[in-house]
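Visitor: Before I ask anything, let me first share the structure, which is written out below as structure tokens.
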Amino acid sequence: MMDASVALPVGNVIDLEKVRVTFGGAKNQVTALAETSLRISHGEFVALVGPSGCGKSTILKLVAGTLKATEGHVFVAGREVGAESARVGMAFQNPTLLPWLNIRDNVMMPLKIVPPFKKDFSRKRRTEYRDRVEQSLARVGLAGFGDKFPWQLSGGMQQRASLCRALIHDPTLLLLDEPFGALDQFTREELWEIMQQLWIDKRPTVLLVTHDLKEAAYLASRIAVMQARPGRIVDDSVVPFSRPRTIEISFQPDFVSLTQRLRERIMAARAAQEATP
Amino acid sequence: MNETTRRRILSIVCILSFFVGWEVLCLIFNVSDIVLPRPSQILITLWTRFPAIWPHAVQTLYTTLVGFALGIIIGVLLGILIGSSRLAYDVAYPLLVGFSSIPKVAVVPIFVLWFGAGTVPAVLTAMIMCIFPIVVNVATGLAATEPELQDVMRTLRATKWEILWNIGLPRTMPYFFASLKVAATLAFVGAVISETVASNRGIGNLMMIASSSFDVPLVFAGLFILAALGVALYAGFSLIEGRVTGWAVRSETFTGGG
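Just so you know, the protein sequences line up as chains A and B, in that order. Per my numbering, the first sequence starts with residue 561, numbered consecutively. Per my numbering, the second sequence starts with residue 677, numbered consecutively.
Have a look at this one:
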């Protein structure tokens with residue numbers, strides 16, 4: 561058994577410093593994220609939970625570099641985001657596979673874009689990279705599906721392929737935007753186990769956005785609760801359970817009381833949110 | 677397979693019966709071949725005067741294809757520019773719409789003034805005829821690219837060029853091929869317009885001379901040649917389209933990729 565809080569390299573992978581995000585003009589300005597600071601160190605698995613519209617995805621987009629902060633600074637691996645920084649892998653709520661590529665080429669895409677894999681791409685795409693993709697697919701139960709096109713696969717299988725794509729280039733930072741949200745319960749639990757094993761093996765820093773408290777408590781080593789209007793972090797707690805965790809753990813009293821406490825925190829946040837106009 | 681064969685046979689029968697009906701109606705009403713020649717007369721004209729018609733057909737095909745190729749190159753480049761830049765869109769769109777509204781016959785004399793009569797104006801007219809649909813479709817395709825697909829690339833820190841090459845252009849292919857089928861037929865129209873006005877070669881010129889000497893079967897023979905060339909080009913691009921953009925229609929036989 562391995563403890564989540566042991567022997568991590570020092571330094572923050574993600575560092576949000578007094579970040580604010582607003583949309584719209586001067587008249588109908590919407591604050592998506594009030595002044596927020598968040599630090600995530602190397603190898604942490606952090607889950608962001610909260611009601612919809614609380615700015616979970618906004619934080620993820622800031623870190624991914626697809627959204628710019630209105631105020632404040634976002635540092636990833638010690639550098640301001642946008643420049644060449646950490647090796648990022650991302651999985652979205654939808655599989656977002658490219659319909660014109662088969663599963664193998666879809667999963668291989670990051671190797672074509674991300675250095676240092678990029679420079680050997682044309683030389684290794686049919687040998688080393690191909691094997692790498694096949695291994696990755698086999699790991700999530702998609703062995704032999706490399707030649708299929710996305711539309712020939714079920715939603716759950718597409719989502720597995722999408723996870724493979726997020727992980728194929730050994731990212732040091734993994735951003736997960738509710739990637740298990742649209743799946744049935746059994747597929748979801750199966751992918752949680754795969755996800756946990758991957759994290760234990762490679763120890764990337766993970767930021768997971770989810771509205772599933774069980775998922776957060778099962779996977780994460782730290783859970784941040786957010787509140788909407790304006791979006792902000794209202795609670796930040798460590799998940800003490802040892803790894804590897806099994807689905808059975810979710811029926812134990814400690815686990816249940818943790819999810820119960822988080823649930824109450826979010827309910828309170830929702831109530832506060834409804835009270836404000 | 678049985679179903680497709682039946683459909684094919686049915687369509688061939690319908691097309692043939694159109695020509696048979698034409699033939700029969702001309703015979704019943706005793707229509708003079710100066711007004712409307714019968715299909716059989718047109719075929720005979722095609723056959724007997726083939727050596728005279730052939731060089732003109734080759735000339736028209738040549739000018740059309742060169743103009744079409746130039747049109748594709750310029751159309752795609754303009755489409756990419758307009759589809760990926762807000763400013764280029766605002767500037768170029770009104771210009772393009774205005775330009776495409778001009779009757780192309782009016783432009784031919786200008787080309788003749790600049791380049792002299794003959795091949796060059798025909799090539800240029802074919803080109804400008806097919807630029808517009810290509811530009812509009814490529815620009816639309818790029819603009820319609822799902823932002824989520826671009827986000828996938830942006831989180832990987834892909835450059836703008838890499839996003840265009842790996843997401844934008846493949847996504848645009850169905851739009852591009854749809855425009856090619858329209859543009860291919862328009863290119864013929866452009867080339868023939870120009871040949872009619874200012875050339876001593878090509879099907880357009882042939883038909884011009886034939887009609888001035890009331891050789892109506894030869895005029896119709898020219899029309900048949902044009903139609904056949906147009907259909908051939910269209911079919912060619914449909915074939916390529918099926919191979920390249922089968923993913924868009926989820927064709928089970930599509931095995932592209934790499």
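Just so you know, even glycine gets a beta-carbon here, dropped at the ideal spot from N, CA and C. Since the model is a prediction, treat every value here as computed from it, not as a measurement.
#1: Report yes or no: is there a C-beta of chain A within less than 9 angstroms of the C-beta of Trp923(B)?
#2: What are the residues in the segment 633-662 of chain A lying within 7 angstroms of chain B by C-beta distance?
#3: Can you list the alpha helix (DSSP H) stretches of 4 or more residues lying completely in the segment 607-686 of chain A, in chain order?
#4: Tell me whether Ser612(A) is buried or exposed, calling it buried when 16 or more other Cβ atoms sit within 10 Å of its Cβ.
#5: Just verifying my parser: in three-state terms, what is the DSSP assignment at Lys587(A)?
#6: Would you mind listing the beta strand (DSSP E) stretches within the segment 721-787 of chain A that are 3+ residues and don't spill past its ends, in chain order?
#7: Answer with buried or exposed for His633(A), where buried requires no fewer than 16 other C-beta atoms within 10 angstroms of its C-beta.
#8: Quick test of your reading: Pro840(A) and Ile728(A), contact by CB under 8 angstroms. State the CB separation rounded to the nearest angstrom.
#9: Specify the secondary structure class of Ala703(A) as computed by DSSP and reduced to three states.
#10: Nearest chain B C-beta to His729(A) closer than 9 angstroms, yes or no?
#11: State the Cα-Cα distance for the pair Ala832(A) and Gln787(A), rounded to the nearest angstrom.
#12: If you drop the 5 nearest sequence neighbours on each side, which residues of the same chain put their C-beta closer than 7 angstroms to that of Ala594(A)?
#13: Hey, quick one: how far does the alpha helix (DSSP H) through Ile786(B) stretch, first residue to last?
#14: Near Leu915(B), which residues of its chain fall below 7 angstroms by C-beta distance, leaving aside the five closest residues on each side in sequence?
#15: Going along the chain, which residues of its own chain have a beta-carbon closer than 8 angstroms to the beta-carbon of Ala721(A), five neighbours each way excluded?
#16: At the 9 angstroms Cβ level, is Thr831(B) part of the contact set with chain A, yes or no?
#17: Answer yes or no: the CB of Glu753(A) versus the heavy atoms of the ligand NAP, is any distance below 8 angstroms?
#18: In this structure, does DSSP put Ile574(A) in helix, strand or coil?
#19: What span of residues does the beta strand (DSSP E) with Ser887(B) cover, start to end?
#20: So, is Glu871(B) buried or exposed, given that buried needs 16 or more other C-beta atoms within 10 angstroms?
#21: Using DSSP bridges, identify the partner residues of Phe605(A).
#22: When you compare only the Cα positions, how much space is there between Thr806(A) and Gln745(A)?
#23: Please report the distance separating the alpha-carbon of Ser597(A) from that of Lys672(A).
#24: Please determine, among Asn813(B), Gly866(B), Leu856(B), the residue with the shortest C-alpha to C-alpha distance to Gly844(B).
#25: List, in chain order, every chain A residue whose beta-carbon is nearer than 9 angstroms to that of Asp827(B).
#26: Spell out whether any CB of chain A is found under 9 angstroms from the CB atom of Asn842(B).
#27: Do Val606(A) and Phe625(A) count as a contact pair if the criterion is CB distance below 9 angstroms?
#28: Using the C-alpha atoms, what's the distance from Thr687(A) back to Leu779(A)?
#29: Shorter than 9 angstroms from the beta carbon of Lys672(A) to some beta carbon of chain B?
#30: How far does the beta strand (DSSP E) with Ser760(B) in it extend, from its first residue to its last?
#31: When you compare the CB of Gly918(B) with every CB in chain A, is at least one pair closer than 9 angstroms?
#32: Leaving out five residues before and five after Met829(B) in sequence, what residues of the same chain have Cβ atoms less than 7 angstroms from its Cβ?
#33: So, using beta-carbon positions, are Val785(A) and Asp796(A) closer together than 9 angstroms?
#34: Interface residues of chain B around Leu697(A) at Cβ under 9 angstroms?
#35: Quick one: Cα of Asp766(B) to Cα of Leu757(B), how far?
#36: What are the start and end residues of the beta strand (DSSP E) that includes Val798(A)?
Guide: Let me spell this out:
#1: Here residue 923(B) is taken as the residue at index 247 of the second sequence, counted from 1. Output row for Trp923(B): interface = yes.
#2: Glu644, Val648, Met650, Phe652, Asn654, Thr656, Leu658, Pro659, Trp660, Leu661, Asn662
#3: 616-624, 663-673, 681-684
#4: The sequence position of residue 612(A) within the first sequence is 52, counting from 1. Ser612(A) is exposed by the Cβ-count criterion.
#5: The count along the first sequence starts at 1 and reaches residue 587(A) at position 27. DSSP places Lys587(A) in coil when its eight states are reduced to three.
#6: 733-737, 765-769, 782-787
#7: Locating residue 633(A) in the first sequence gives position 73, counting from the first residue. The residue in question, His633(A), is exposed, as its Cβ has fewer than 16 Cβ neighbours within 10 Å.
#8: Missing from the structure shown is residue 840(A); chain A here goes from 561 to 837 and no further.
#9: Numbered from 1 along the first sequence, position 143 holds the residue referred to as residue 703(A). Residue state, collapsed to three classes: coil.
#10: Here residue 729(A) refers to the residue found at position 169 when the first sequence is read from its first residue. Yes, His729(A) counts as interfacial toward chain B.
#11: Numbered from 1 along the first sequence, position 272 holds the residue referred to as residue 832(A). Numbered from 1 along the first sequence, position 227 holds the residue referred to as residue 787(A). Distance between the alpha carbons of Ala832(A) and Gln787(A): 9 angstroms.
#12: Here residue 594(A) refers to the residue found at position 34 of the first sequence. Taken in chain order, the residues that qualify are Arg580, Pro790, Gly791, Arg792.
#13: Within the second sequence, residue 786(B) is the residue found at index 110, counting from 1. Taken as a continuous stretch (DSSP letters only), the alpha helix (DSSP H) holding Ile786(B) covers 780-791.
#14: Position 239 of the second sequence holds residue 915(B). Here the set comprises nothing.
#15: Your numbering for residue 721(A) matches position 161 in the first sequence. So the list reads Pro655, Leu657, Ile663, Asn666, Val667, Leu697, Val700, Leu702, Phe705, Pro710, Leu713, once near-sequence residues are dropped.
#16: The residue labelled residue 831(B) in the question sits at position 155 within the second sequence. With 9 angstroms as the cut-off, Thr831(B) counts as an interface residue toward chain A.
#17: With respect to the ligand NAP, the structure shown offers nothing to examine, as it has no ligands at all.
#18: As a position in the first sequence, residue 574(A) is number 14, starting the count at 1. In this structure, Ile574(A) counts as strand in the three-state DSSP scheme.
#19: Indexing the second sequence from 1 puts residue 887(B) at position 211. Ser887(B) -> not in any beta strand (DSSP E); alpha helix (DSSP H) instead, spanning 879-888.
#20: Position 195 of the second sequence, counted from the first residue, corresponds to residue 871(B). When all chains shown are included, Glu871(B) counts as buried.
#21: On the first sequence, position 45 is the one that residue 605(A) refers to. For Phe605(A), which the question treats as bridged, DSSP gives the partners Val766(A).
#22: Looking up residue 806(A) in the first sequence gives position 246. Looking up residue 745(A) in the first sequence gives position 185. Their backbone Cα atoms lie some 15 angstroms apart in a straight line.
#23: Locating residue 597(A) in the first sequence gives position 37, where the first residue counts as 1. Locating residue 672(A) in the first sequence gives position 112, where the first residue counts as 1. About 34 angstroms.
#24: For the purposes of this step, residue 844(B) is taken as the residue at position 168 of the second sequence. Closest option to Gly844(B), Cα to Cα, is Asn813(B).
#25: Counted from its first residue, the second sequence places residue 827(B) at position 151. Within 9 angstroms Cβ-Cβ: Lys621, Ala624, Thr626, Met650, Phe652, Thr656.
#26: Position 166 of the second sequence holds residue 842(B). Interface residue, yes.
#27: Here residue 625(A) refers to the residue found at position 65 when the first sequence is read from its first residue. Here residue 606(A) refers to the residue found at position 46 when the first sequence is read from its first residue. Note on residue identity: the sequence assigns Gly, not Phe, to residue 625(A). Contact: no.
#28: Counted from its first residue, the first sequence places residue 779(A) at position 219. Counted from its first residue, the first sequence places residue 687(A) at position 127. Whole-angstrom Cα-Cα distance: 34 angstroms.
#29: Residue mapping note: residue 672(A) aligns to position 112 of the first sequence, counting from 1. Yes, contact with chain B.
#30: Residue 760(B) sits at position 84 when you count from the first residue of the second sequence. From DSSP, Ser760(B) is part of no beta strand (DSSP E) but of the alpha helix (DSSP H) over 726-760.
#31: Within the second sequence, residue 918(B) is the residue found at index 242, counting from 1. Taking Cβ atoms only, chain A never reaches closer than 9 angstroms to Gly918(B), which makes this a no.
#32: As a working mapping, residue 829(B) is identified with position 153 in the second sequence. Excluding positions up to five away in sequence, the list reads Glu838, Ile839, Asn842, Ile843.
#33: Here residue 785(A) refers to the residue found at position 225 when the first sequence is read from its first residue. Here residue 796(A) refers to the residue found at position 236 when the first sequence is read from its first residue. Contact: yes.
#34: Against the first sequence, residue 697(A) aligns to sequence position 137. Within chain B, no residue comes near Leu697(A); the closest Cβ sits about 15 angstroms away, beyond 9 angstroms.
#35: The count along the second sequence starts at 1 and reaches residue 766(B) at position 90. The count along the second sequence starts at 1 and reaches residue 757(B) at position 81. Using only the alpha carbons, I get a separation of about 11 angstroms.
#36: Position 238 of the first sequence, counted from the start, is the residue given in the question as residue 798(A). Taken as a continuous stretch (DSSP letters only), the beta strand (DSSP E) holding Val798(A) covers 792-798.
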